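Position one of the sequence shown corresponds to residue 0 (numbering that gives the first Met the number 0), numbered consecutively onward.
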Amino acid sequence: MSINYNLSVSTSRPWTLFKLLFKWKGSIWKSIIVELIVWLLLFYILNFIYRFALGDVGKIRFEKAIAYCDDALTYIPLSFMLGFFVTAVLNRWLSMYGMIGFVDNLALKTSVYIRGLSEEAVMYRRTIIRYSVLSQVMYFRDISMRVRRRFPTVDSVVEAGFLLTREKEVWESQKFKYGKNWMFMQWALTLIYEARQRGYIESDYYQCQLSEDVAAFRSNLAKLVMYDMVPIPQVYPQLICMAVHTFFLLSVVAEQFVVPERASPKQVDIYFPLNGVLQFIFYMGWMKIAEVMLNPFGEDDDDFETNRLIDRNLAVGMDAAVHSYATCPTLSKDIWNEKMSPLYSEDAAKLPNNQLRESVSHVILRPTRMKFMTDVEENGVEQPLLKESIRKLSNYLGAKNSQKVAAAGAAKAVASSTGNLNIRDRIIEPPKKTSNSIANVTELARSDSHSSDGSFQEDFHPYNRLRPNPRDVRKGSTTIAKEHPCVSITIQEEDEDNTSNISQK
Numbered sequence: 000m001s002i003n004y005n006l007s008v009s010t011s012r013p014w015t016l017f018k019l020l021f022k023w024k025g026s027i028w029k030s031i032i033v034e035l036i037v038w039l040l041l042f043y044i045l046n047f048i049y050r051f052a053l054g055d056v057g058k059i060r061f062e063k064a065i066a067y068c069d070d071a072l073t074y075i076p077l078s079f080m081l082g083f084f085v086t087a088v089l090n091r092w093l094s095m096y097g098m099i100g101f102v103d104n105l106a107l108k109t110s111v112y113i114r115g116l117s118e119e120a121v122m123y124r125r126t127i128i129r130y131s132v133l134s135q136v137m138y139f140r141d142i143s144m145r146v147r148r149r150f151p152t153v154d155s156v157v158e159a160g161f162l163l164t165r166e167k168e169v170w171e172s173q174k175f176k177y178g179k180n181w182m183f184m185q186w187a188l189t190l191i192y193e194a195r196q197r198g199y200i201e202s203d204y205y206q207c208q209l210s211e212d213v214a215a216f217r218s219n220l221a222k223l224v225m226y227d228m229v230p231i232p233q234v235y236p237q238l239i240c241m242a243v244h245t246f247f248l249l250s251v252v253a254e255q256f257v258v259p260e261r262a263s264p265k266q267v268d269i270y271f272p273l274n275g276v277l278q279f280i281f282y283m284g285w286m287k288i289a290e291v292m293l294n295p296f297g298e299d300d301d302d303f304e305t306n307r308l309i310d311r312n313l314a315v316g317m318d319a320a321v322h323s324y325a326t327c328p329t330l331s332k333d334i335w336n337e338k339m340s341p342l343y344s345e346d347a348a349k350l351p352n353n354q355l356r357e358s359v360s361h362v363i364l365r366p367t368r369m370k371f372m373t374d375v376e377e378n379g380v381e382q383p384l385l386k387e388s389i390r391k392l393s394n395y396l397g398a399k400n401s402q403k404v405a406a407a408g409a410a411k412a413v414a415s416s417t418g419n420l421n422i423r424d425r426i427i428e429p430p431k432k433t434s435n436s437i438a439n440v441t442e443l444a445r446s447d448s449h450s451s452d453g454s455f456q457e458d459f460h461p462y463n464r465l466r467p468n469p470r471d472v473r474k475g476s477t478t479i480a481k482e483h484p485c486v487s488i489t490i491q492e493e494d495e496d497n498t499s500n501i502s503q504k
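Listed below in structure tokens is the structure:
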């Protein structure tokens with residue numbers, strides 16, 4: 000049975016959890032008492048042999064075995080293994096409890112959606128509830144030992160009233176390979192359809208609601224059966240069991256007290272392995288937690304109360320579908336019609352009563368943070384501010400670039416006057432051939448612009464660096480562009496006497 004201790008821990012006190020240590024049913028003491036007694040017996044047997052039966056040579060060898068076993072304990076990652084195993088088992092246990100099946104929703108909807116006080120209407124409501132609980136009984140007989148002991152045969156189910164004799168004959172007449180417990184839910188769905196056809200259910204929507212609840216109830220029962228048929232892989236609990244028991248088999252030797260040749264104030268022979276016992280309680284108890292939750296449909300103290308659940312579902316279902324049908328009281332004014340003032344007892348009024356409210360509902364912002372802004376992008380950056388920043392940056396970089404262009408133009412002018420042809424110039428694309436052209440140059444960027452003082456002014460654009468200076472392209476002059484691996488340069492010159500073509504790769 001499930002051990003309910005919630006009342007004992009309803010209020011946190013320094014001694015709250017200590018009260019649980021003195022409980023026996025479902026306790027850690029009941030789970031590990033047998034293993035702990037066996038471990039202590041083995042410990043004292045080896046202790047007696049070491050102290051009184053072995054000679055000097057035997058004691059030396061035994062002390063080496065103690066050191067070896069103590070070192071071997073560090074190679075077993077017991078905490079790591081137990082932590083993962085218990086987590087997996089606990090999640091499985093919680094999922095199974097969520098599917099155990101309470102008939103309350105189905106019973107309430109059955110009593111409301113199937114209307115009528117006639118004998119036939121009452122029979123529809125009662126039979127749908129009975130078939131639902133009967134399906135739970137038949138499923139639990141296959142996965143729960145407690146229910147199996149209560150209903151060892153199908154005849155016992157008939158004798159208990161869950162199944163009628165003629166229904167048993169129909170059920171047994173059907174031969175299926177993979178079980179037939181689902182037939183009872185099929186019968187319930189058929190009755191819902193018939194009730195709709197006879198007018199006891201007023202709309203198709205109500206019929207769908209009842210059918211969905213019956214299907215959900217059956218689906219949870221089927222999932223429990225699947226959990227039972229496919230447990231956690233056997234190798235996992237085998238590994239945990241072997242690791243824990245091997246650990247404490249080594250600790251029986253490792254916890255032995257080595258008698259020193261000379262008395263040492265740091266070593267005290269207390270004749271009782273206190274550290275070993277505490278370690279045994281913690282680790283063995285940890286494994287027992289997973290062992291209890293591994294199959295909650297067993298007969299442990301904390302396993303699911305399946306028999307009580309069946310009795311409850313039958314009682315609640317019949318009460319909701321039959322006895323409490325059409326018992327809703329008439330509408331009347333409540334005591335808070337004019338003034339809302341709930342009452343408290345004297346003891347309850349003394350308890351602290353903190354009002355529930357939202358965490359930032361009382362925060363008042365400063366007026367400076369209440370300004371509204373428009374045209375805000377998704378990333379939270381205001382567009383006008385962003386545009387202004389880009390404009391200022393462009394002007395700054397454009398001014399810097401203009402200074403560099405002016406300096407380069409002055410250097411080229413000096414180089415041309417001195418006849419130096421190895422000057423840095425701009426990259427020029429091959430010009431289109433036209434008649435009577437002085438110098439045709441295809442620009443890579445936009446058209447040139449000149450400042451008011453006649454100096455060359457460049458826009459803030461990376462391709463503007465590739466344009467030639469227009470003043471360098473004039474009649475009677477030759478401009479040699481900087482060698483570039485990707486650009487071919489061709490300059491066509493026309494003099495009065497002859498025409499020459501200069502090309503460079």
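Each residue gets a CB set at the ideal place from its N, CA and C atoms; glycine is no exception.
No experiment lies behind these values; they were computed from the predicted model shown.
{"Check": "For residue 275, collect the residues of the same chain with a Cβ closer than 6 Å to its Cβ; drop the 5 residues on either side in sequence, then sort them by chain order.", "Outcome": "250, 254"}
{"Check": "Using a threshold of 8 Å, state whether the C-beta atoms of residue 194 and residue 123 are closer than that.", "Outcome": "yes"}
{"Check": "Answer with yes or no whether the minimum CB distance from residue 133 to chain B is below 8 Å.", "Outcome": "No chain B appears in this structure, which consists of one protein chain only."}
{"Check": "Cα-Cα, which of 133, 307, 242 is closest to residue 181?", "Outcome": "133"}
{"Check": "Assuming residue 135 and residue 220 are in contact, meaning their beta carbons sit under 8 Å apart, how far apart are those beta carbons, in whole angstroms?", "Outcome": "6 Å"}
{"Check": "Considering residue 329, what are the terminal residues of the alpha helix (DSSP H) in which it resides?", "Outcome": "Per DSSP, residue 329 belongs to no alpha helix (DSSP H) and is neither H nor E."}
{"Check": "Expressed to the nearest angstrom, what Euclidean distance is found between the alpha-carbon atoms of residue 502 and residue 391?", "Outcome": "Note on residue 502: pLDDT 43, under 50, position unreliable in the model; the coordinate value appears next. In a straight line, the C-alpha of residue 502 is about 42 Å away from that of residue 391."}
{"Check": "How many angstroms separate the CA atom of residue 4 from the CA atom of residue 303?", "Outcome": "15 Å"}
{"Check": "So, using beta-carbon positions, are residue 183 and residue 137 closer together than 8 Å?", "Outcome": "yes"}
{"Check": "Taking the straight line between their C-alpha atoms, what separation do you get for residue 227 and residue 306?", "Outcome": "18 Å"}
{"Check": "Just confirm the distance between the C-beta atoms of residue 235 and residue 81, as a whole number of angstroms; I'd bet it's less than 8 Å.", "Outcome": "In fact, because the Cβ distance is near 12 Å, the residues do not count as touching under 8 Å."}
{"Check": "Grab me the residues of residue 209's own chain with a C-beta within less than 7 Å of its C-beta, minus the 5 sequence neighbours each way, in chain order.", "Outcome": "108, 109, 112, 191"}
{"Check": "Whether or not the segment 150 to 164 and the segment 344 to 363 are in contact is what I'm after, with contact meaning three or more pairs of Cβ atoms, one per stretch, closer than 8 Å; do they touch?", "Outcome": "no"}
{"Check": "Report buried or exposed for residue 331, applying the criterion of at least 16 other Cβ atoms within 10 angstroms of its Cβ.", "Outcome": "exposed"}
{"Check": "Return the bridge partner residues of residue 113 from the DSSP annotation.", "Outcome": "200"}
{"Check": "Within 10 angstroms of the Cβ of residue 314, are there 16 or more other Cβ atoms? Answer buried if so, exposed if not.", "Outcome": "exposed"}
{"Check": "Compute the beta-carbon to beta-carbon distance between residue 25 and residue 300, rounded to the nearest angstrom, for a pair I have assumed lies under 8 Å.", "Outcome": "4 Å"}
{"Check": "When the Cα atoms are used, what is the spatial distance from residue 37 to residue 49?", "Outcome": "19 Å"}
{"Check": "Kindly indicate which residue of 91, 395, 336, 237 has the alpha-carbon position closest to the one of residue 295.", "Outcome": "91"}
{"Check": "Use the C-beta contact count for residue 506: other C-beta atoms within 10 angstroms, 16 or more gives buried, fewer gives exposed.", "Outcome": "Given a span of 0 to 504 for the chain in the structure shown, any question on residue 506 remains unanswerable."}
{"Check": "Which runs of the alpha helix (DSSP H) at least 4 residues long sit entirely within the segment 53 to 135? Give them in chain order.", "Outcome": "55 to 71, 77 to 97, 103 to 112"}
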